[in-house]
Amino acid sequence: MPEERKLVTVLFADIVGSTSLGSENEPEVIRDVMARYFERMKDVAETYGGTVEKFIGDAIMVVFGVPLLHDDDAERAVRCALGMQEALATLNQELGMTLAIRVGVNSGRAVTGGAEGLIVTGDVVNVAARLQQNAEPGEVILGSLAEELTRQAIEYVARPPVLAKGKVEPIKAFTVVRARSAVPRQERGVPSLEAPLVGRERELRLLLDTFERVREERRAHLFTVIGNAGVGKSRLVRETLDRIAAQSPVGVLRGRCLPYGKGITYWPLMELLREDAGISTEDDRLTALGKLESRVSSMFPAEAQRRAVKDWLAVLLGLEPVVESMAASGAQVDLQLSWAVRQYLQAIASADPLVVVIDDLQWAEPAVIQLLEQTALRITDHPILLLCVARPELREAYPGWGSSTENATSIGLNPLSAGETQTLIARLLEVDDLPAELRQRLIERSEGNPLFCEEFLRMLIDEMRVVRVEDRWRAAARVTDLRVPESIHALLAARLDGLPKDEKRALQAASIVGERFTGAQVGAVLPAGDVRSSLERLLLKGLVREDSTGPEPGLRFKHLLIRDVAYEAIPKDDRAEFHERFERHLGDEVGDRENEFLEILGHHAERALTLSLEMRLTGPTLERRAERALHWSLMRADRALGRGDATAMAAALSVARSAMRARPDDQSGELRIRLLEAESLRLAGRFPEALGAAREAVSMAVERADQGAAAAAILCRSRIELSMGDYNRFEEGTLEAVRLFQLTGNLSGELEAESAVLHMRLGNGEGQPAIQDLIDLAERARKADMPARAYDAFSLAAVFAAADGLSAWADQCVANATALADAHDLPFSRTLQLAMAMLAWLRNDLEQAEQILLRGIARAQETGRVWEVIMLRRHWGQVLNDLGRYDEADATFRLAFAESEESGERWSRSELLSRLALVAIARGDLDAAEESARLAMELRLPDDHSAESEALYALGRMRAAQGRGTEAEAAFRSTLVVGKRMAYSINAVMMATGIAR
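For this note's numbering, count along the sequence shown from 1 and bump the result up by 866.
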């Protein structure tokens, strides 16, 4: 059996009292007792579909999910444990003994197959054994995942956690009380959430029309609803029955095929017969026979027919054996049982139309399949609708289903649309108060499957991430991740596990490629075998579908969750090899277009390395994978730096560090990594850490006499020093960086360093001359074919032109930057967004300014650029203040100040405090204004004229509000003195307004 990763359930059962049994009995007796015990337990385990892996002393280990997974493996294991208890009670009666067992059941992921003699390996086995060892005699203990998977079918009580050797945390455990039903019902979804039927109007109309035809023509019809688990088959049937019952008298009988058990061949027919005859599970044999005879007698006046029907139905129900006089062969028995069932159904339908619902037909035995088809074919004078519900596996097991009669219809249920899924969520939650982001993620992840949607909601409710507040469901906190519920995983894993080996392997290989793939790509991952033939069969089975969105025809997973489950089933060592194969294939395929596919190439190289490290791989293979991962991760970090994405940089550099550790003998990339780490920390606003990394990079570059690297490291260090308020070191460092860039002929670096100097000059209020210099720099970059550098310079010039009130200049710079972004597919920068917001503010369009700033903040947060978040919040708070939303403005400024303190950034603190003072004045809180204004003056940096002017202006406004006019005028006049060193007309307007007041 090939190795695979599976979600399995392991049962350990150990007998209690075997020591006393040995001391009180002869060895032969002990041998016979234990042989009978093991035989009974093995029989019970196999009845529920378990595989007995081993007998360990007196203990039995049973695995559910090997060789084939089932979506209800955990429930099977618990029912098996209860069945073992019952079987042991019977054995005790036979032996006159009082043996007991303790049972532990645990679900989890394990590797199956592989090593000879081992069916399953993994921590799931160890935990199951620990649970069993801590159980009391007669107790069944479950782990938390097994409980989660079965809580709707099994009743539990919580018990004290189990302390297990080797486990840091105690194992959460539950004691089984009872099964909620005698037979498995596979209850799913959220019991407290019930929505009307959504998106099935056409299918409902077809079902209702078919019933009308059955009623009018008085002829049987076989109608099958086929769809994947959870797509809404049962909900459609329930709505159909409700509509039919509301229109006219109708009889309804239900039966369900079981996935496992003994004596279940005719189970669905047994269920509907018991329902109609009123036979309960508590009735003894004679009582049940009496009820059957009473019901049959009321239906058939003719003695011979009545007796024959009753006798055969008693056989079907297991109330009577087949006697020799009734039939001579098994085939004849099946025919006679089929005849008796038809007679019975016809008798019921003599008065009113009858609907017979058979659920889970994919699990039906051949005898039931034949009986249903024969019923539809032979009943031509009674109105009977045979309404069958099945998963797609029915077509695979019985390809000719329904073809023996013309009175047969099959429909397939497709997933709901995104709009229908949104309607479903709203109706399930009665009042949908979920954030738009969470609602959209639910729609995307459930991909039109109502059950999946319900299971995602159930998981969020169980985890208290969605809570009910009065009559509304609300998200308790921002849901940052939406993992696949284990119930959905079990459903899909069981479907995939039943595929032929070649199809399963092809699906797994496709999962390596991604959501969309081609036959050639899958073939590159799996070089051996007829991959295209396997993919064609998967297409026919509805697990993949054709896709024409790419440059060449391909396929895509019908549901992304199928891709997730297929991927998880691949053992990690195989996964690593598959990722490496695909990275090599794609690299060869794209050639010199590697930058276009950089993220994909880097992803596969990273996965190959990470999985290899998780498997503790060593030697040449690990070094080869580390080399590839390092190559792509450094390229990804460079790209992320270019677009200012600190989050992506950090992720890429984490991979680079792992790759370096896997190649301890080659440290040639250390300088480049350290410099990129400094830049990443700078972008993230972690300035003290960034400064340390930058200084290390400078030292390493100087030691290696690498002038190019030294220039970049010095510029990075200087920018950090500027953010931390050290203007002198910044100016000294940038000039040195410019010199080194010139020496090495690096024009791009030279322009970047000059731009940083101009940024400082503008920040100190130099105005039009510095703006013009920045525009000239942008033009130099554009002529040198450096669109990204030109874009950054135009964007920065637009910000300071807007701040200076030069609307025409700012508009032209925005237009130039936008044209460059469109022509070269450059990411929209927060600097340009700030410029556009400031222009909107100048036009007094405060609402537009707010929307632009909010988009910028969201994007800056996504990319981890804390200092940009601070800057944008500073301007957003000003807009909120101008709108009169003082509480929001106060909260925004305070949050930005806290972020500034946490990051080590010092450029914004004085301005933030000055603006907090203005908000406090507007709110009438002069004490708070006094404190903020005082701190603003204390925290302003030397030579920061902008901060000084804002602090003096806030002080003047505060003194005016206090009625201290002379002091207010003095503060305003000091503001004007400082303002003469600056060129910001916005500040001038504020100052003039203050003096006028």
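Using N, Cα and C, we set each Cβ at its ideal position, and we do this for glycine too.
As assigned by DSSP and simplified to three states, the class of residue i
i	result
Arg1051	coil
Thr978	strand
Tyr1022	strand
Val1223	strand
Leu1088	strand
Thr1275	strand
Glu1462	coil
Ile1869	Coverage of the chain is limited to positions 867 through 1863, which leaves residue 1869 absent and any answer about it impossible.
Ile1250	strand
Leu1119	strand
Ser1851	Residue confidence for Ser1851 is low, a pLDDT of 49 falling below 50, so the modelled location carries little weight; the figure read from the coordinates is stated next. Correct three-state label for Ser1851: helix.
Val991	helix
Ala1788	helix
Val1255	strand
Ala1217	coil
Rounded C-alpha distance that separates residue i from residue j
i	j	result
Arg1422	Leu1541	40 angstroms
Ala1813	Phe1759	15 angstroms
Ala1726	Pro1693	12 angstroms
Gly1750	Met1702	22 angstroms
Val1844	Asp1809	10 angstroms
Ala1636	Leu1628	6 angstroms
Glu1734	Gln1699	11 angstroms
Lys1128	Arg1046	20 angstroms
Leu1183	Arg1051	20 angstroms
Glu1587	Glu1462	35 angstroms
Ala966	Leu954	7 angstroms
Ala1644	Leu1404	55 angstroms
Supposed contact pair residue j and residue i - C-beta distance, whole angstroms, cut 8 angstroms
i	j	result
Arg1244	Arg1208	6 angstroms
Pro1249	Pro1219	4 angstroms
Ala1435	Gln1374	6 angstroms
Asp1225	Arg1122	4 angstroms
Thr1041	Val944	Contact flag wrong, Cβ pair sits at about 11 angstroms.
7 angstroms Cβ shell around residue i - same chain, five flanking residues per side excluded
i	result
His1625	Leu1662
Ser1614	Met1652 and Arg1655
Val1028	Arg996, Leu997, Asn1000, Pro1036, Ile1037 and Ala1039
Gly1278	Ile1092 and Gly1093
Asp1430	Val1350
Ala1585	The sequence as given places Arg at residue 1585; Ala does not occur at that position. Result list for Arg1585: Arg1548 and Ala1622, in chain order.
Val1049	Leu1124
Ser1851	With a pLDDT of 49 at Ser1851, under the threshold of 50, the modelled position of this residue cannot be trusted, and the question is left open.
Ala1834	Gly1822, Arg1825 and Ala1826
Leu1784	Asn1747, Ala1820 and Arg1823
Cβ-based neighbour list, residue i, same chain, cut-off 6 angstroms, excluding 5 preceding and 5 following
i	result
Gly1096	Asn1315, Leu1317 and Phe1318
Gly949	Val910
Pro1301	Ala1341
Asp1840	According to the sequence shown, residue 1840 is Ser rather than Asp. These residues qualify, in order along the chain: Leu1818.
His1470	His1445, Phe1448 and Glu1449
Ile1110	Phe1077 and Val1116
Pro868	Gly979
Tyr1126	Tyr914 and Gly915
Strand pairing of residue i, partner residues [DSSP]
i	result
Asn972	Val876
Ala1039	Gly1009 and Arg1025
Val928	Leu877 and Val918
Arg1334	Trp1339
Phe1383	Leu1421
Glu1412	Leu1421
Arg1044	Glu1021
Arg871	Val977
Val882	Ala966
Val986	Thr978
Cut-off 8 angstroms between Cβ atoms - residues of its own chain near residue i, not counting five sequence neighbours on either side
i	result
Gly1389	Val1397 and Arg1398
Asn1612	Gly1574 and Ala1577
Ala1762	Val1735, Ile1736, Arg1739, Arg1740, Gly1743, Ser1774 and Leu1778
Any non-hydrogen atom of the ligand SAM closer than 6 angstroms to residue i Cβ
i	result
Trp1178	As for the ligand SAM, it is missing from this structure, which has no ligand bound.
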